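Enquirer: Chains as they are written, first to last, in my numbering: chain A, 99 to 408; chain B, 7 to 319; chain C, 7 to 505.
#1: Can you round the beta-carbon distance between residue 510 (chain C) and residue 218 (chain C) to whole angstroms, since I take them to be within the 8 Å contact cut?
#2: Short of 8 Å in beta carbon distance, which residues of its chain neighbour residue 360 (chain A), apart from the five on each side in sequence? Order them along the chain.
#3: In chain C, which residues lie less than 8 Å from residue 287 (chain A) when you measure between Cβ atoms?
#4: Considering Cα atoms alone, identify which of C:316, C:198, C:288 is closest to residue 304 (chain C).
#5: Could you have a look at residue 400 (chain A) and say whether DSSP puts it in helix, strand or coil?
#6: Where residue 457 (chain C) and residue 450 (chain C) are concerned, what is the direct C-alpha to C-alpha distance, given to the nearest angstrom?
#7: So does the region 389-408 of chain C actually touch the region 342-361 of chain C, counting three or more Cβ pairs closer than 8 Å?
#8: Given 8 Å as the limit, is there contact between the region 294-314 of chain A and the region 58-69 of chain B, that is, 3 or more CB pairs closer than that?
#9: Nearest to residue 299 (chain C) by alpha carbon, out of C:181, C:80, C:474, C:12?
#10: Here's the rule I'm using: 16 or more other beta-carbon atoms within 10 Å means buried, otherwise exposed. How should residue 21 (chain C) be labelled?
#11: Quick one: grab the DSSP three-state call for residue 476 (chain C).
#12: What does a CB cutoff of less than 6 Å around residue 79 (chain C) pick up in its chain, not counting 5 residues either side in sequence?
#13: Express the C-alpha separation of residue 382 (chain C) and residue 189 (chain C) in angstroms, rounding to a whole number.
#14: Applying a beta-carbon distance threshold of less than 8 Å, which residues of chain C neighbour residue 207 (chain A)?
#15: Closer than 8 Å, Cβ to any Cβ of chain C: which residues of the region 131-163 of chain A, in chain order?
#16: For a minimum of 3 consecutive residues, which ranges assigned as the beta strand (DSSP E) are wholly contained in the region 225-267 of chain A?
#17: Should the region 223-243 of chain B be regarded as contacting the region 174-182 of chain B, the criterion being three or more beta carbon pairs within less than 8 Å?
#18: Taking C-beta pairs closer than 7 Å, name the residues in chain A that residue 363 (chain C) reaches, listed in chain order.
#19: Report the neighbours of residue 328 (chain A) on chain B: residues whose CB is nearer than 8 Å to its CB, in chain order.
#20: So what does residue 285 (chain A) bridge to, in DSSP terms?
#21: Between residue 325 (chain A) and chain B, is any beta-carbon pair separated by less than 7 Å?
#22: Using only the alpha-carbon positions, how far apart do residue 315 (chain B) and residue 201 (chain B) sit?
#23: Find the nearest neighbour of residue 254 (chain B) within the set B:176, B:215, B:227, judged by alpha-carbon distance.
#24: Suppose only complete runs of 3+ residues qualify. What are the beta strand (DSSP E) ranges in the region 134-174 of chain A, listed by chain order?
#25: Cβ closer than 9 Å: which chain C residues qualify as neighbours of residue 297 (chain A)?
#26: State the CB to CB distance for the pair residue 425 (chain C) and residue 336 (chain C), rounded to an integer number of angstroms; the pair is presumed to be in contact (CB under 8 Å).
#27: Taking 7 Å as the cut-off, decide whether the C-beta atoms of residue 299 (chain A) and residue 256 (chain C) are in contact.
#28: Residue 241 (chain A): buried (16+ other C-beta within 10 angstroms of its C-beta) or exposed?
#29: Would DSSP call residue 427 (chain C) helix, strand or coil?
#30: If you scan the region 245-294 of chain C from start to end, which runs of the beta strand (DSSP E) of 3 or more residues do you find wholly inside it?
#31: Would you kindly work out how many angstroms separate the C-alpha atoms of residue 103 (chain C) and residue 154 (chain C), rounded to a whole number?
#32: Going by CA-CA distance only, name the one from C:53, C:237, C:415, C:95 that's closest to residue 209 (chain C).
#33: Starting from residue 365 (chain A), follow the alpha helix (DSSP H) in both directions and report where the run begins and ends.
#34: What is the DSSP secondary structure of residue 210 (chain B), counted as helix, strand or coil?
#35: Drop a sphere of 10 angstroms on the beta-carbon of residue 285 (chain B), count the other beta-carbons inside from all chains shown, and report buried for 16 or more, exposed for fewer.
#36: Closer than 7 Å, CB to CB, is residue 358 (chain A) near chain C or not?
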């Protein structure tokens with residue numbers, strides 16, 4: 099087999115090998131139930147990471163996703179518990195996430211702020227807004243009429259497969275299509291590769307950036323809805339540190355933090371690797387103190403080896 | 007080239023496995039070597055899952071250690087998972103335990119509401135659930151084991167009344183909003199001081215966290231010059247608040263809750279006035295004992311209260 | 007000739023899918039300037055990268071001072087006394103001159119403390135040797151390109167290099183700066199250094215070099231003494247055939263006014279007015295920094311204009327961005343291919359179609375990849391772009407082919423007005439001719455072209471009319487019949503009255 103093949107699919111090959119090794123050590127790992135379990139647990143991080151992929155491909159970064167997740171989740175569930183229809187609550191939450199993302203994009207493109215700084219600021223502001231909105235207390239859907247329907251989004255099943263998995267798959271298919279087959283995707287790669295050349299090619303790069311951060315915000319809100327529904331409860335401090343898991347997934351998937359190179363398929367593999375690490379270590383009854391360490395070491399090694407082989 | 011790539015992937019795998027087997031062995035060894043060989047042999051097939059809200063808090067570490075001790079004594083395998091105060095991680099932990107097909111799950115919830123879906127998931131898998139320290143507002147629970155927090159709050163309130171001779175200004179530092187311990191301790195405390203001349207001049211949450219306790223108290227001290235006593239919903243926050251009090255050079259009666267090692271030392275040194283001793287080791291041990299009963303199909307009480315005691319100098 | 011100090015024999019180097027060098031020989035003599043020439047892609051850079059330890063060779067021997075050597079890293083080559091001065095200079099902008107010269111080799115006192123005094127004094131000594139009076143504490147970012155080049159040469163002297171490789175050193179220099187560089191090269195030669203001089207400019211080879219090595223398509227064609235050879239013979243060696251006329255001007259009937267610029271001004275240009283006819287090639291000449299590129303970018307909407315108007319076919323055009331310009335039928339091919347023209351990490355195809363994707367998408371933004379590929383391949387054939395595949399990354403193409411992709415990108419948006427900024431910079435003789443032929447072809451199809459160039463023969467060769475700029479203003483307009491090198495230079499340096 100040729101080198102190109104390995105280069106292209108190395109992360110998937112790594113994932114498979116990794117899974118095989120774990121399954122040798124633990125019989126509960128490679129079961130249908132556990133695979134569905136891992137996919138469901140991965141869904142929240144991977145939905146965020148899909149959005150993060152767009153941002154990182156343009157050479158940016160979005161630190162505000164965890165806060166957007168908490169805020170939109172809180173808004174969504176408070177609407178459900180106030181008796182609004184679940185559909186309306188979800189739409190409003192998605193719109194809020196998108197607007198925060200679009201604001202990020204505007205600060206970065208029109209305001210010429212560095213993505214790190216701009217999204218660090220919105221991360222803090224939105225977290226504060228969440229605390230104000232929730233009064234620092236968890237919000238539950240309680241016994242409202244929409245509570246059960248809402249719970250299905252994150253905790254329900256369709257054809258014996260958890261619904262978050264469907265949501266994740268749809269998000270990735272759409273992201274893939276958007277990046278590989280649409281004009282917009284082309285602009286994302288081009289912008290990340292050389293912003294000046296892209297601008298001189300007659301492309302409104304500001305618009306592309308605003309859109310990209312909008313997508314990230316939208317998907318963070320979607321993840322927030324799934325998360326809130328899974329718990330039937332919105333926590334004011336939900337999603338703290340989630341941006342780092344998302345960034346780690348993107349980087350594990352081979353997307354360059356300098357932009358222009360990478361793919362959303364890599365990201366899903368990256369997210370799965372992180373999900374599998376968490377799950378496998380739990381199944382093997384490894385102390386949680388070691389778990390965090392292992393996660394860090396795997397990320398470091400994977401990225402290091404990737405660099406070396408390029 | 008491709009050899010190198012394969013090699014690198016393998017290397018990661020081996021390294022991870024190395025770490026995993028290295029540390030899981032060290033944890034399992036005691037359970038297998040000095041097996042006490044209790045009455046029946048089928049104890050080995052019984053696996054107990056314990057999901058702890060956070061292992062960043064000595065209270066829960068003590069509880070976890072006692073549970074492990076008890077399980078060892080009874081000859082059960084126990085799997086301990088840490089939710090790191092993230093309800094999302096908590097539900098994943100419960101799902102992993104379901105996959106692992108444990109016989110019973112002990113949950114110490116991060117949040118009483120957010121844990122409900124995790125409890126339901128276990129219910130759906132026909133695995134009994136026991137809650138520790140915090141209740142679950144949903145799902146079916148075999149039993150709940152916790153200190154009688156309302157009584158503890160009252161105990162603290164009465165102590166403060168005594169110290170201040172029935173009159174003064176008090177600050178109440180609350181735990182994570184919505185957590186049952188915070189609600190109950192606050193309720194007991196406020197019930198005790200209701201009919202007295204003691205006034206709560208400030209009331210703010212510090213999430214059971216020492217750093218936050220310090221910050222919150224520092225802020226309160228900025229706006230309230232005269233404070234006679236502080237009641238914190240746990241020792242971590244009380245110790246944080248104590249630092250703030252020391253920093254401001256004041257003399258204030260500080261009462262905490264939980265009687266962690268640090269807090270007891272502080273009381274012995276005459277810094278903190280008192281702490282209400284919860285007995286986390288009892289919660290952990292009773293939890294495992296209840297688990298045994300549940301697995302064996304014996305009857306358990308709906309609520310198993312654990313005594314409290316006030317520790318003063 | 008004198009003692010041979012370096013021999014590279016039978017050097018072969020393969021890259022995936024390409025044999026970059028095939029059994030190449032290269033010799034260098036003490037106190038001698040050797041020109042290394044060949045078209046882009048001929049293998050000059052690869053050969054020098056092997057010599058300087060950047061690439062490993064597949065086959066062949068390197069004999070330095072009669073000993074066989076092998077450099078695995080640039081550091082090893084440097085330690086052996088080989089210094090390379092790249093076309094894109096390798097200096098750290100925010101460090102001082104002295105720090106750059108001694109980067110990684112800072113003189114130190116006890117306990118590793120850097121001896122700053124020594125560093126700055128020695129740096130200035132090296133610069134003095136090169137006839138440069140510069141404060142070595144100045145930051146490199148504040149230096150001109152020519153000065154930066156001198157810093158690189160000083161750095162080479164500081165490591166006591168015996169062999170100095172210069173890759174296209176005069177590319178961004180003014181005539182006066184070039185003269186100074188040649189003086190320095192002469193001094194280096196007299197002090198016994200050997201110099202490898204890579205250039206496209208044959209006049210320079212005759213001016214400064216002693217001998218010449220020609221490569222073509224990765225093969226060694228020959229080594230000659232400069233005094234024994236003519237320019238035509240060199241070109242023949244380079245391209246493998248006789249070149250016809252370099253500048254095949256075609257006369258065509260000029261049509262109506264397509265573009266009219268009236269009193270255009272901003273912080274870079276003032277009061278620019280001119281018009282452009284259908285099927286006309288308007289050459290814009292002037293020194294670097296005279297505002298030529300800024301004028302082009304103002305018309306193209308990249309730089310905002312503070313006053314003045316642009317009319318296209320007599321209609322006032324409102325151009326606020328590059329996108330507006332393209333929609334109005336104007337495109338611009340940047341002088342800086344790598345910085346502004348191309349996305350180096352993307353394939354040829356995606357670079358070509360980025361400006362004109364709207365032609366290949368449906369209402370939902372879905373790209374019709376088959377159509378895209380078909381059209382791109384048409385352009386690749388039309389412009390005879392040499393690439394193994396349309397999916398090849400653009401960074402793997404030679405300069406001439408990159409330039410053609412840049413032009414193809416512009417053409418695909420079907421412009422009426424094409425602005426070319428230094429279209430043949432960094433492009434070799436053979437490819438230059440092809441680009442001129444293309445420009446002429448566009449012209450004969452009625453396209454109007456503005457060509458900005460520092461190369462005066464080129465301007466004279468294919469323009470129908472010449473504008474000369476000086477300090478942001480048009481200092482002269484000359485019809486091609488009256489134009490001459492001297493006239494253009496006079497306007498370029500700001501002498502307005504000619505009578």
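Where a beta carbon is used, it is the ideal one built from N, C-alpha and C, also for glycine. On a predicted model such as this, the values are computed, not experimentally measured, just so you know.
Expert: Reading from the atomic positions:
#1: Beyond the ends of chain C as shown, which are 7 and 505, falls residue 510 (chain C); an answer cannot be given.
#2: 151, 154, 155, 348, 351, 352, 353, 354
#3: 349, 352, 356
#4: C:316
#5: helix
#6: 16 Å
#7: yes
#8: no
#9: C:474
#10: exposed
#11: strand
#12: 59
#13: 47 Å
#14: Per Cβ cutoff of 8 Å: no residues; residue 207 (chain A) is ~13 Å from chain C at best.
#15: none
#16: none
#17: yes
#18: 281, 284
#19: 94, 97, 123
#20: BP columns for residue 285 (chain A) are empty, so no partner.
#21: yes
#22: 23 Å
#23: B:227
#24: none
#25: 308, 327, 328, 346
#26: 7 Å
#27: no
#28: exposed
#29: strand
#30: 263-271, 278-283, 287-292
#31: 9 Å
#32: C:237
#33: 362-381
#34: strand
#35: buried
#36: yes
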